[in-house]
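Contents: one structure, followed by commentary.
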Amino acid sequence: MWRKLAVSLVIVPVLGLAACSSSGGRAPEPESNSAAGTVATTDRIKIAVITHAPPGDTFWDIIRKGAEEAAAKDNVELQYLGDPDGGRQSQLIEQAIDQGVDGIAVTLAKPDAMAGALKRASDAGISIVSLNAGEDRFKELGAFAHFGSDEKLAGEAAGEKLKAEGIKKPICVIQDQGHVGLEARCAGVKKVVPGTEVLYVQGTDMTQVESTTTAKLQADKQADAIIGLGAPITMTLLKAKATANSEVAVASFDMNSQLVGEITKGNVLFTVDQQPWLQGYMAVDSLWQNKRGGFTIGGGKATLTGPAIIDKAVAENITSFAEEGVR
Amino acid sequence: MSSITASPSHKKKSATTDERVGKKSTLSILLGRPEIGALVGAVALFIFFAIVAPVFLSPASLATVLYGASTIGIMAVGVSLLMIGGEFDLSTGVAVISSALSASLVSWYFGLNVWVGIVVALLVSMLIGFINGIILIKTKLPSFIVTLASFLMLTGLNLGLTRAIGGSVSSPSIANMEGFQSAKAVFASSVNIGGIEVKVTVFIWLAMVLIASWILLRTKVGNWIFAIGGDEKAARAVGVPVVRTKIGLFMAVGFCGWVLGMHNLFAFDSVQSGEGIGNEFLYIIAAVIGGCLLTGGYGSAIGGAIGAFIFGMANKGIVYAEWNPDWFKFFLGLMLLLATVVNIVVKKRAESSK
Amino acid sequence: MKTRKNKKTEELLEKLEPKTSDNLLTFKGVGKHYGSIIALRDVDMVVDPGKVTCVLGDNGAGKSTLIKIIAGLHQHDEGEFMLHGSAIKLKSPRVALDAGIAAVYQDLAVVPLMPIWRNFFLGSELTTGVGPFKKLDVQKMKDITKQELSDMGIDLRDVEQPIGQLSGGERQCVAIARAVYFGAKVLILDEPTAALGVKQSGVVLRYILQARDRGLGVIFITHNPHHAYPVGDSFLLLKRGRSIGYYSKSEITVGELTAQMAGGAELAELAHELEQLGGHDEELSEAEAGATPQTTA
Numbered sequence: 549m550w551r552k553l554a555v556s557l558v559i560v561p562v563l564g565l566a567a568c569s570s571s572g573g574r575a576p577e578p579e580s581n582s583a584a585g586t587v588a589t590t591d592r593i594k595i596a597v598i599t600h601a602p603p604g605d606t607f608w609d610i611i612r613k614g615a616e617e618a619a620a621k622d623n624v625e626l627q628y629l630g631d632p633d634g635g636r637q638s639q640l641i642e643q644a645i646d647q648g649v650d651g652i653a654v655t656l657a658k659p660d661a662m663a664g665a666l667k668r669a670s671d672a673g674i675s676i677v678s679l680n681a682g683e684d685r686f687k688e689l690g691a692f693a694h695f696g697s698d699e700k701l702a703g704e705a706a707g708e709k710l711k712a713e714g715i716k717k718p719i720c721v722i723q724d725q726g727h728v729g730l731e732a733r734c735a736g737v738k739k740v741v742p743g744t745e746v747l748y749v750q751g752t753d754m755t756q757v758e759s760t761t762t763a764k765l766q767a768d769k770q771a772d773a774i775i776g777l778g779a780p781i782t783m784t785l786l787k788a789k790a791t792a793n794s795e796v797a798v799a800s801f802d803m804n805s806q807l808v809g810e811i812t813k814g815n816v817l818f819t820v821d822q823q824p825w826l827q828g829y830m831a832v833d834s835l836w837q838n839k840r841g842g843f844t845i846g847g848g849k850a851t852l853t854g855p856a857i858i859d860k861a862v863a864e865n866i867t868s869f870a871e872e873g874v875r
Numbered sequence: 055m056s057s058i059t060a061s062p063s064h065k066k067k068s069a070t071t072d073e074r075v076g077k078k079s080t081l082s083i084l085l086g087r088p089e090i091g092a093l094v095g096a097v098a099l100f101i102f103f104a105i106v107a108p109v110f111l112s113p114a115s116l117a118t119v120l121y122g123a124s125t126i127g128i129m130a131v132g133v134s135l136l137m138i139g140g141e142f143d144l145s146t147g148v149a150v151i152s153s154a155l156s157a158s159l160v161s162w163y164f165g166l167n168v169w170v171g172i173v174v175a176l177l178v179s180m181l182i183g184f185i186n187g188i189i190l191i192k193t194k195l196p197s198f199i200v201t202l203a204s205f206l207m208l209t210g211l212n213l214g215l216t217r218a219i220g221g222s223v224s225s226p227s228i229a230n231m232e233g234f235q236s237a238k239a240v241f242a243s244s245v246n247i248g249g250i251e252v253k254v255t256v257f258i259w260l261a262m263v264l265i266a267s268w269i270l271l272r273t274k275v276g277n278w279i280f281a282i283g284g285d286e287k288a289a290r291a292v293g294v295p296v297v298r299t300k301i302g303l304f305m306a307v308g309f310c311g312w313v314l315g316m317h318n319l320f321a322f323d324s325v326q327s328g329e330g331i332g333n334e335f336l337y338i339i340a341a342v343i344g345g346c347l348l349t350g351g352y353g354s355a356i357g358g359a360i361g362a363f364i365f366g367m368a369n370k371g372i373v374y375a376e377w378n379p380d381w382f383k384f385f386l387g388l389m390l391l392l393a394t395v396v397n398i399v400v401k402k403r404a405e406s407s408k
Numbered sequence: 012m013k014t015r016k017n018k019k020t021e022e023l024l025e026k027l028e029p030k031t032s033d034n035l036l037t038f039k040g041v042g043k044h045y046g047s048i049i050a051l052r053d054v055d056m057v058v059d060p061g062k063v064t065c066v067l068g069d070n071g072a073g074k075s076t077l078i079k080i081i082a083g084l085h086q087h088d089e090g091e092f093m094l095h096g097s098a099i100k101l102k103s104p105r106v107a108l109d110a111g112i113a114a115v116y117q118d119l120a121v122v123p124l125m126p127i128w129r130n131f132f133l134g135s136e137l138t139t140g141v142g143p144f145k146k147l148d149v150q151k152m153k154d155i156t157k158q159e160l161s162d163m164g165i166d167l168r169d170v171e172q173p174i175g176q177l178s179g180g181e182r183q184c185v186a187i188a189r190a191v192y193f194g195a196k197v198l199i200l201d202e203p204t205a206a207l208g209v210k211q212s213g214v215v216l217r218y219i220l221q222a223r224d225r226g227l228g229v230i231f232i233t234h235n236p237h238h239a240y241p242v243g244d245s246f247l248l249l250k251r252g253r254s255i256g257y258y259s260k261s262e263i264t265v266g267e268l269t270a271q272m273a274g275g276a277e278l279a280e281l282a283h284e285l286e287q288l289g290g291h292d293e294e295l296s297e298a299e300a301g302a303t304p305q306t307t308a
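Keeping their order, the protein sequence lines are chains W, X and P. All residue numbers for the first sequence refer to our numbering, where the first residue is 549 and numbers rise by one. All residue numbers for the second sequence refer to our numbering, where the first residue is 55 and numbers rise by one. All residue numbers for the third sequence refer to our numbering, where the first residue is 12 and numbers rise by one.
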């Protein structure tokens, strides 16, 4: 009798689990396209990409994907590292130098903190490029190219688009108070649309983002648009808009597949894309080119990967790429 | 004191009333309760914002304030109980996200009905609480240190496992999976009250506060919690099961984390693996504002709820008042300080008047 | 019995059915060491219902180790500790409590911030109702607390006040009343008068007699022979972990007791020194009185 009980105690949950399966979820692994081209025949080189990415930010996933694709194509051994703290990011550069990498791609959110380590790198003959942040300092720090989008320019582009749509009082929602890049975006918007107001929310707590934005929309009946500075944030702004029964237009920066879907549906006016995949890809590829034949792309000036305005018209074309995680 | 005789008839004499003592008025009984200071602070803050920002008084605004309070309040219930029991838990912020991620990733990876993920998440949350408790008991380290370690470990696990299983730093969308809609109705819907949409978390929060208060004040376990927090050695000496109660408290905190984690998951679908960090202090602040002593042995679940409400009011009120956002954090800190000071002043007056 | 019990202690209690010829509590050659430090060595003692056994000794004599063994906080390493003639080792305070041994400690094992009635019933709370709806029977507990305390002769303003607000003597009373109420057979009092003034000490001594008259076996630990002598029936003197004497009341006087504790020779020396330094007459006569046994109260 106990044996039967024990057996049923095991079998019932297993059957239950089987009965509880669902559609959706992880798709089965697609067939790998081994016939899709060949890898470069150059010697295998080591490249380190060192960013200031805070842990858990979807935006950086896209940069990483671009870097990884370039590395796969160019026969590159890629090290992808990061730390939001300037001092520690600089230490990662030192470690890369010690490991004898052939090239370093670095984000210059805190250029002064990187200066010492980058000098050591260039003295050691390591090629340097920068990406995403630092378009005005990259040359003096020893990088031969920069791939990114100027945050202020991006903000201004957004501002122009908003102006064209007749928006006069947008609310720019910053999810990390004091973050230079985010502040620059809102500053850019404000330059074009002087009625812009800033709202600070706590990006590490989505419920707080929602409730604070709802409160703002309830308090400020004059606002006619609300701008999120990251795709997941914008998704939450849509919820807040619904809760507050508001009519504001919604705009965004950066992208993920859900956001693209919302743009196609018309719930989000547009997003400003800095094409992060390109930043990661170009950073790695330009270093490979430099090793291959001493080439330096960009002519000493920053190579812009954006801003690109993605509105309804464009969104339909890139939906599948967004789902793939490259846009 | 009356003199003592050893005669057996003395035993049956009923308690004599001391004519020195007047019957304690209801007011002075009320003033002695641990929540009273917080309540006064809350009322003061409410009136302040009502004056400074008239939109604060509209029902829709109140619903928003309550929502903001409830997401702190749900955790503050467990954290208050734990603090009364004399311990801290710094892993609460990220444990909420661990729970949400467990449900999401398990359902997604195995293609299961989302409710299975929810059950798994409950087990994970309770397990985290259990492990925190066991490590505390075995190592005899301060709970501050033990839970700081688990905070770091969970942060790493959240990031690492999400990337390893889901391929990205945020969990994949599960909105089109079976069971999502029903789970959303339970954990992340709104209830229409007189035309205003009130989020379901508010009701869950209030229910949890009532249950926790009942446990604290009207059950054996509640008595043990006060005793362990007030004087652990004394409690052990009279036979209170200290180990079991402490582990139980950590698991209760884990349960609260599960509730909030499920709300997060079904409200926002995709969970950022880096979320949650920083909230653990807000929960502790809410408990302390509500009258829970940092050293343990004194406090209430209702106090924690009032503390969460004060936090919600301060947080949203500043937005309603349309103050300069650069000064937001400063105002928030100042508001919290004032609420706590009012709390202490009222408590002192209540005690001196006894 | 008003305490909770689990299966293990049920078995323990079955073992302890009293045999009429055995004493309530017996120590035979009991010893305890902590690492290389010998805290107790070869101690004999007997406790019977309705009798007060005093354990005397200066600091470091081993009194607190003795209590901890009886109260279940530590286990002895040598000798036999018997309850009703059966050898036993108490694994925890809970087990000791269930066996009928209640200790009232110097720091009183009360939680200062909690109300008196909650402290009274701590660990043995009364409930009504069933299953998950079991709740504390608050009114009953408050009434019983008030009743028991008044039976001991203390009447309080209200049992809802935090116990920390009571005076030292009142707190002792609550702790003793608690032990008596929960059916303790053996009551251990650890230096109850140590921190109290003269009048409060007198009150506590009277409570000890009350407990004794209710049939408990009382173990009264103290370093003050003038407190011990009036209430004690037998006296165990400890010095540096060993017994230096075990007397019944008829065998010794208070002066002899004091002398034994201090060591007669040492007091004589003290008297001599004081005389040399031109000490005051009272101190001199006290020291002389202690050095030479006399019948003093």
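Note that beta-carbon positions come from the ideal geometry of N, C-alpha and C, so glycine has one too.
Between the CA atoms of residue j and residue i - distance to the nearest angstrom
i                 : j                 : result
Thr138 of chain P : Asn130 of chain P : 15 Å
Arg251 of chain P : Leu51 of chain P  : 8 Å
Leu155 of chain X : Asn212 of chain X : 7 Å
Tyr192 of chain P : Asp162 of chain P : 11 Å
Gly76 of chain X  : Thr156 of chain P : Residue placement at Gly76 of chain X cannot be trusted, given a pLDDT of 49 that sits under 50; what the coordinates show is reported in the next sentence. Each residue's Cα considered, the two are about 20 Å apart.
Ser135 of chain P : Asp109 of chain P : 11 Å
Ile101 of chain X : Asp380 of chain X : 24 Å
Ile395 of chain X : Gly726 of chain W : A small correction: the amino acid at residue 395 of chain X is Val; Ile does not occupy that position in the sequence shown. Looking at the two C-alpha atoms, the distance is approximately 29 Å.
Thr64 of chain P  : Leu190 of chain X : 41 Å
Burial state of residue i (16 or more Cβ within 10 Å)
i                 : result
Arg636 of chain W : exposed
Glu699 of chain W : buried
Ala289 of chain X : buried
Arg298 of chain X : exposed
Gly781 of chain W : For clarity, residue 781 of chain W is Ile in the given sequence; the question names Gly instead. Label assigned to Ile781 of chain W: buried.
Asn680 of chain W : buried
Val141 of chain P : exposed
Lys196 of chain P : buried
Own chain, CB closer than 7 Å to residue i, minus 5 neighbours either side, in chain order
i                 : result
Leu347 of chain X : Gly353
Gly330 of chain X : Gly147, Val148, Val150, Ile151
Same chain, Cβ closer than 6 Å to residue i, neighbours up to 5 away in sequence not counted
i                 : result
Leu765 of chain W : Ala792, Ser794
Val160 of chain X : Gly171, Val174
Thr599 of chain W : Gly630, Thr655
Same chain, Cβ closer than 8 Å to residue i, five either side skipped, listed in chain order
i                 : result
Asp650 of chain W : Ile593, Lys594, Ile595, Ile674, Ser675, Leu835, Lys839
Gly40 of chain P  : Asp53, Val54, Asp55, Glu89, Gly90, Glu91
Chain W contacts made by the stretch 321 to 355 of chain X, where a contact means CB separation under 9 Å
Ala321, Phe322, Asp323, Ser324, Val325, Gln326, Ser327, Gly328, Glu329, Gly330, Ile331, Gly332, Asn333, Leu336
Please list the residues of the stretch 270 to 282 of chain X that have a C-beta atom closer than 7 Å to any C-beta atom in chain P, keeping them in chain order.
Arg272, Thr273, Lys274, Asn277, Phe280, Ala281
Any contact of the stretch 804 to 813 of chain W with the stretch 854 to 872 of chain W, i.e. 3+ C-beta pairs under 8 Å?
yes
Are the stretch 321 to 330 of chain X and the stretch 136 to 156 of chain X touching by the rule of at least three beta carbon pairs closer than 8 Å?
yes
Within the chosen definition, does the stretch 262 to 276 of chain X reach the stretch 90 to 105 of chain X through at least 3 CB pairs nearer than 8 Å?
no
Count the C-beta pairs between the stretch 228 to 235 of chain P and the stretch 118 to 125 of chain P that are closer than 8 Å, then say yes if the count reaches three, no if not.
no
Counting pairs of Cβ atoms below 8 Å between the stretch 214 to 225 of chain P and the stretch 37 to 51 of chain P, do you hit three or more?
no
The stretch 658 to 675 of chain W: positions lying closer than 7 Å to chain X by Cβ
none
Along the stretch 111 to 129 of chain X, where does the CB come closer than 8 Å to a CB of chain W? Name the residues.
Ser112, Ala114, Ser115, Thr118, Val119, Tyr121, Gly122, Thr125
Pull out every residue of the stretch 241 to 254 of chain X whose Cβ sits closer than 9 Å to any Cβ of chain W, in chain order.
Ser244, Glu251, Lys253
Which residues, in chain order, does the stretch 763 to 776 of chain W contribute to contact with chain X at a C-beta distance below 9 Å?
Ala763, Lys764, Gln766, Ala767, Asp768, Lys769
Indicate whether the contact test is met: 3 or more Cβ pairs, each with one atom in the stretch 613 to 624 of chain W and one in the stretch 638 to 646 of chain W, closer than 8 Å.
no
Would you say the stretch 230 to 244 of chain X touches the stretch 95 to 111 of chain P, given that touching needs at least three Cβ pairs under 8 Å?
no
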